[in-house]
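All remarks here apply to the structure that follows.
There are 2 protein chains.
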Amino acid sequence: MADGITDRVRPRDRILETAQDMFHKHGIKGVGVDAITEAAGTNKMTLYRHFESKDELIVQCLRASAAKGAAIWDQFEAEHPGDKLAQLHAWIRMAAGCLAADGRGCDMANAAVELTETDHPARRVIKELKEAQRDRLVTLCRDAGIGQAELLADTLSLLFEGARVSVQTMGCEGPSTQFVRMAEGLISSFRAR
Amino acid sequence: MADGITDRVRPRDRILETAQDMFHKHGIKGVGVDAITEAAGTNKMTLYRHFESKDELIVQCLRASAAKGAAIWDQFEAEHPGDKLAQLHAWIRMAAGCLAADGRGCDMANAAVELTETDHPARRVIKELKEAQRDRLVTLCRDAGIGQAELLADTLSLLFEGARVSVQTMGCEGPSTQFVRMAEGLISSFRAR
DNA sequence: CTAGGGTGTTACCGGTCTGTAACTATCCGA
DNA sequence: TCGGATAGTTACAGACCGGTAACACCCTAG
C-alpha cells in the first residue's frame, strides 16, 4: 500500500484530490464517501473530521477544480505577456485540448445537472465560480480590442460548454470536432467589424 | 385520489409520463422507483410488470422524450410548408422558448452526465437519438440553401446545448440571454457567403 | 356465471448510503 | 519522556435503494 504519496501528503489534501478525480469520472451521486476514503488511503472518520458533510466536500472540490482552471489562465498570461489576442487563441487551444483528452465535461456544469435541489449549497458556489469565469473571458476579449466583447465571450462560452456536453452524448467524433474552426471563425468575424 | 386521469390512462403510460417528468426535474439518480409509482398513482409491482428494470424505464423515457421533440419538428414543417429557412428560424424561436421556460436542460444530455458507466444501456440510445437530431438539423440547413450546412448546424447545436447547460449553472440571466442574437447572426453570416 | 388477465397490497430481501460512537495507535513538540 | 493532536479501526444506526414473492381484488370476455 505504501504509495509514498500516502505518507507525505496530509489526509485532507489526499481526500480532496481523490474526491475531485472520482466525482469528475463517476459523477457526484455515483460515488460514496466510503469509496473516496478507501481510494485516498484513509477512512471515513478522517473525512468527517475535515469536512462536515459530503455536501461540504462537494463544495470544496468545486472550488479546488475552479482554482486549477484559474491557474491555467495565469499560464496564458505568462506565455504571452501583454498579448491578449494570443492569450485568447491559447484559450481556444486549451479548450480543444480538453475536448480531445477528457470525455467528461466541466465539473461545475456536471454538478449543476446532478444537484437539482434549488437550495443545495453547491448551487450558489457554482453560479459564483461560473460568473467569475465569464467575467475573465469578457475582460480578455475586451482587452484584445474586440468591439462586442461581451457577445463574443458569451458565444465562445456557450460553444465550449456545448462541446463539452456533446462529447459526453456523441463522443469526440460529434459536432465538437469543429470547435476550433467555429471559435477561430468567430474571432476573425468579430475583429473584422 | 380519483384523478380522472388515473382511471382512464393505462398504468404503463402513466408511469412513463410521470417518470419522464420526474427524471427531468430531479435527475435520474435523484428519483427512486417508489416515488415514481406513487406519483403515478400505482405501485412498484405494476412498474416491474411493464419494465424489466429501472434502466429499461430510463431508456423508454429517453425515447419518449425524443419523440416529443420530433413532433415539434413536424410542427415546423406544418407551419411553414416548404419554406426551410422559415423552419430554421422557427427552430431558433423554439430553442429560445426552451431556455426561457425550463430551467433544466436536455433530458438526453442530463442523462449522459449522470450515467457515467460506459456500458450503460442508455448511452447507446442517447448517442443514437442525438445523432438523429443532428442529422435533422443538418438536412434543414442544407435544404435552406446554406453553403456549409454541416458547420452551421453543428455550431447551432453546440450553442443550444451550451445555453441549456448555462441556464442550469448561471440561471436565465447568463450568456444564454444572447442565444437568439448569436443564432440569427450566424445564419445571416453563413447566408452571406 | 365463470375463468383469467391486469392490477393493487403487503411484506420482505440484500445491498448501499451518509453519518456517528468509542476506542486504539501513532507521531511530534515541549 | 510525556501530553496532546492527528489519524486509523471497528461497529453500528437509520434511511433508502432496486427488485421479488405471495396473495387478494376487480373487470371484462366468453
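Going down the list, the sequences are from chains A and B. FYI, the working numbering numbers position 19 of the first sequence as 95, with every residue one higher than the one before it. FYI, the working numbering numbers position 85 of the second sequence as 161, with every residue one higher than the one before it. Beta carbons are placed, not taken as given, at the ideal position from N, Cα and C, and that holds for glycine. Just so you know, these numbers come straight off a predicted model, no measurement behind them.
Counting only the same chain and skipping the five closest in sequence on each side, list residues whose C-beta sits under 7 Å from that of residue i.
| i | result |
| --- | --- |
| B/Pro197 | Asp131, Val135 |
| A/Val107 | Met98, Phe99 |
| A/Arg212 | Trp149 |
| B/Gln96 | Cys137, Ala140, Ser141 |
| B/Lys206 | Met184 |
Kindly examine the ligand SAM and report whether one of its heavy atoms sits closer than 7 Å to the Cβ of residue i.
| i | result |
| --- | --- |
| B/Gly181 | Among the components of this structure there are no ligands whatsoever, and the ligand SAM is therefore not found. |
If you measure between the beta carbons of residue i and residue j, is that distance less than 8 Å?
| i | j | result |
| --- | --- | --- |
| A/Arg269 | A/Gly238 | no |
| B/Glu142 | A/Gln244 | As written in the sequence, residue 142 of chain B is Ala, which differs from the Glu given in the question. Going by C-beta atoms, B/Ala142 is not nearer than 8 Å to A/Gln244. |
| A/Leu92 | A/Ala140 | yes |
| B/Ala225 | B/Cys217 | yes |
| B/Glu155 | B/Ala171 | no |
| A/Lys101 | A/Val109 | no |
What residue range is occupied by the uninterrupted alpha helix (DSSP H) comprising residue i?
| i | result |
| --- | --- |
| B/Arg86 | It is not in any alpha helix (DSSP H) - B/Arg86 carries neither H nor E in the DSSP assignment. |
| B/Arg267 | 255-268 |
| B/Lys120 | 120-126 |
| A/Asp178 | A/Asp178 -> no alpha helix (DSSP H), and no H or E assigned at all. |
| B/Val241 | 225-246 |
| B/Gly158 | Where B/Gly158 is concerned, there is no enclosing alpha helix (DSSP H), given that its DSSP letter is neither H nor E. |
| B/Lys203 | 197-219 |
| A/Glu190 | 183-190 |
| B/Glu114 | 109-115 |
Going by Cα to Cα distance, which pick from the options is closest to residue i?
| i | options | result |
| --- | --- | --- |
| B/Leu232 | B/Phe266, B/Glu204, B/Glu128 | B/Phe266 |
| B/Asp230 | A/Asp219, A/Glu226, A/Met246 | A/Met246 |
| A/Ala185 | A/Leu161, A/Arg84, A/Gly103 | A/Gly103 |
| A/Thr94 | A/Thr122, A/Glu128, A/Cys137, A/Arg257 | A/Cys137 |
| A/Thr253 | A/Leu262, A/Ser264, A/Arg240, A/Ile263 | A/Arg240 |
| A/Asp219 | A/Thr192, A/Lys160, A/Gly173, A/Asp178 | A/Lys160 |
| B/Gly181 | B/Ser129, B/Leu234, B/Ala162, B/Ala111 | B/Leu234 |
| B/Cys248 | A/Lys203, A/Met121, A/Cys248, A/Ser242 | A/Lys203 |
| A/Leu164 | A/Lys144, A/Thr122, A/Thr215 | A/Thr215 |
| A/Asp178 | A/Ser242, A/Thr118, A/Gly117, A/Arg88 | A/Ser242 |
| B/Gly221 | B/Glu153, B/Ala162, B/Met258 | B/Ala162 |
| A/Gln118 | A/Lys144, A/Arg88, A/Ser264 | Position check: residue 118 of chain A holds Thr in this sequence, whereas Gln was assumed. If we check each option's Cα against that of A/Thr118, A/Arg88 comes out closest. |
| B/Cys174 | B/Ile263, B/Ser264, B/Phe255 | B/Phe255 |
| B/Leu133 | B/Thr192, B/Leu262, B/Val201 | B/Val201 |
Have a look at residue i and residue j and give me their C-alpha separation to the nearest angstrom.
| i | j | result |
| --- | --- | --- |
| A/Glu190 | B/Lys105 | 8 Å |
| B/Arg90 | A/Tyr124 | 42 Å |
| B/Val85 | B/Thr113 | 14 Å |
| B/Glu260 | A/Leu227 | 13 Å |
| B/Pro344 | A/Arg169 | Residue 344 of chain B lies beyond the stretch modelled for chain B, which goes from 77 to 269, so this question has no answer here. |
| A/Thr194 | A/Phe127 | 22 Å |
| A/Ala176 | A/Arg257 | 14 Å |
| B/Gly158 | A/Phe236 | 33 Å |
| B/Gln151 | B/Lys144 | 11 Å |
| A/Ala111 | B/Glu153 | 51 Å |
Who are the Cβ neighbours of residue i in its own chain at under 8 Å, not counting the five residues just before and after it?
| i | result |
| --- | --- |
| A/Arg210 | Ala229, Asp230, Ser233 |
Output needed for residue i: all residues of its chain with C-beta closer than 6 Å, excluding positions within five of it in sequence on either side, in chain order.
| i | result |
| --- | --- |
| A/Ala116 | Arg90, Ile91, Thr94 |
| A/Ile263 | none |
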